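For the sequence shown, the working numbering assigns the number 96 to the initial residue and increments by one for each residue that follows. Here the structure is laid out as structure tokens; the discussion comes afterwards.
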Amino acid sequence: MSAPQKRGFVARARERGLSERRACRLVGQARSVARYRTGSPKRVDEAALVERLKQIATKKRRRGYRLAHRELRRWGLVVNHKRVHRLWKREGLSVPPRKSRKRVRGVWAARAITADCPNRVWCLDFVEDRTLAGGKLRILCVTDEFTRESRTIEVGRSFGSEQVCSVLEELIGQWGVPSALRMDNGPEFVALALRGLCHRRGINAAYIEPGKPWQNGFAESFHARLRDEFAGRGSVLISSGRAGASGSVAKVLQRGAAALQPGLPNAGGVRVQVGRARA
Numbered sequence: 096m097s098a099p100q101k102r103g104f105v106a107r108a109r110e111r112g113l114s115e116r117r118a119c120r121l122v123g124q125a126r127s128v129a130r131y132r133t134g135s136p137k138r139v140d141e142a143a144l145v146e147r148l149k150q151i152a153t154k155k156r157r158r159g160y161r162l163a164h165r166e167l168r169r170w171g172l173v174v175n176h177k178r179v180h181r182l183w184k185r186e187g188l189s190v191p192p193r194k195s196r197k198r199v200r201g202v203w204a205a206r207a208i209t210a211d212c213p214n215r216v217w218c219l220d221f222v223e224d225r226t227l228a229g230g231k232l233r234i235l236c237v238t239d240e241f242t243r244e245s246r247t248i249e250v251g252r253s254f255g256s257e258q259v260c261s262v263l264e265e266l267i268g269q270w271g272v273p274s275a276l277r278m279d280n281g282p283e284f285v286a287l288a289l290r291g292l293c294h295r296r297g298i299n300a301a302y303i304e305p306g307k308p309w310q311n312g313f314a315e316s317f318h319a320r321l322r323d324e325f326a327g328r329g330s331v332l333i334s335s336g337r338a339g340a341s342g343s344v345a346k347v348l349q350r351g352a353a354a355l356q357p358g359l360p361n362a363g364g365v366r367v368q369v370g371r372a373r374a
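If you want it as structure tokens, here you go:
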């Protein structure tokens with residue numbers, strides 16, 4: 096017999112007038128075991144627990160179920176981590192892992208320039224999204240390849256080469272002149288205006304090969320986290336048609352840019368500016 100069964104036998108024997116000592120001797124159980132009462136905490140309601148997990152996943156989507164379990168313990172909910180894992184998977188709250196690409200051997204022309212110190216190589220690329228009204232949003236991200244810090248996140252309805260140049264001029268005035276700009280072959284980057292800026296400032300334009308975005312891997316990695324946390328999830332989708340609507344997008348990205356890179360020494364210095372948006 097198991098310990099709970101023996102404990103039940105002792106309880107029934109005492110109800111019939113047998114002493115506890117005698118009953119425990121008959122079943123071969125210690126009296127301390129017979130007197131033991133489990134003090135398990137009250138089970139948390141599953142519906143409430145799922146609601147809390149969804150709140151955590153909405154705010155911190157990429158943190159995973161382990162940190163979600165830690166957050167629940169901070170709130171005073173005593174729940175097993177295996178139960179949290181089961182509910183996390185059942186509700187589809189986990190982010191699917193990225194599929195690793197087969198690495199190509201060899202040296203790329205764009206990768207011949209390496210970032211061996213801060214402010215040496217800046218990565219430029221665009222992220223696109225749409226508002227609830229169907230309007231187009233373009234987000235220009237400039238990242239330092241060495242420190243992985245975001246230099247700026249510019250939000251606008253459209254971007255031309257002149258606007259990209261004005262953004263770079265502002266950043267150069269604040270951070271200094273970089274040695275190279277790593278970017279793709281988009282029309283804004285291959286335009287004469289940007290080439291002229293690179294020539295005047297002595298900046299090397301390190302264009303990646305067409306159709307190979309992994310050559311600008313640091314920018315793509317930052318964009319993936321930006322999309323996971325904000326773009327396409329209702330955080331930056333806006334329905335207002337006013338010119339100031341992009342300002343609300345910038346405020347959301349301003350709060351999120353530092354969250355995307357925790358622990359960096361200058362995470363609080365990330366700039367988010369609003370582009371020249373038109374309603």
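Glycine residues also receive a C-beta, built at the ideal position from the N, C-alpha and C atoms. A quick note: this is a predicted structure, and the numbers were derived from the prediction, not measured.
Asked: Start-to-end residues for the alpha helix (DSSP H) that takes in Glu-166; Found: 159-169
Asked: Exposure label - Asn-311; buried when at least 16 CB within 10 Å; Found: buried
Asked: Arg-185 CB to nearest heavy atom of the ligand PLP below 7 Å; Found: The ligand PLP is absent from the structure shown, which contains no ligand whatsoever.
Asked: Three-state secondary structure (DSSP) of Phe-221; Found: strand
Asked: Reference Cys-260; option with closest CA among Gly-171, Pro-282, Glu-244 and Phe-241; Found: Pro-282
Asked: Short Cβ contact (8 Å threshold) for Val-145 with Leu-172; Found: no
Asked: Delimiting residues of the beta strand (DSSP E) encompassing Cys-53; Found: Residue coverage of the chain in this structure runs from 96 to 374, which leaves residue 53 outside it and unanswerable.
Asked: Option nearest Gly-237 by Cα separation, candidates Glu-223, Cys-218, Lys-101 and Gly-255; Found: A small correction: the amino acid at residue 237 is Val; Gly does not occupy that position in the sequence shown. It is Cys-218 whose Cα lies nearest to the Cα of Val-237.
Asked: Reduced DSSP secondary structure (H/G/I, E/B, other) of Asn-311; Found: helix
Asked: Neighbourhood of Arg-109 by C-beta distance below 8 Å, restricted to the same chain and skipping five residues each side; Found: Glu-115 and Ala-118
Asked: Buried versus exposed, by CB contacts within 10 Å (16 or more), Leu-162; Found: exposed
Asked: Assumed close pair Arg-322, Val-222 - CB separation to whole angstroms, cut-off 8 Å; Found: 7 Å
Asked: 8 Å contact criterion, which Gly-251 and Arg-233 should meet: CB distance rounded; Found: 6 Å
Asked: Whether Ile-298 touches Pro-273 by CB criterion (8 Å); Found: yes
Asked: Residue range of the unbroken alpha helix (DSSP H) whose run includes Val-105; Found: 98-110
Asked: Spatial neighbours of Arg-185 in its chain, beta-carbon cut-off 6 Å, leaving aside the 5 residues before and after; Found: none
Asked: Alpha-carbon spacing of Gly-230 relative to Val-174, whole angstroms; Found: 44 Å
Asked: Short CB-CB distance (under 8 Å) between Gln-269 and chain B; Found: Reference to chain B is not applicable here, since this structure consists of a single protein chain.
Asked: Simplified DSSP state of Ala-142, which is helix, strand or coil; Found: helix
Asked: Short Cβ contact (8 Å threshold) for His-318 with Asp-224; Found: no
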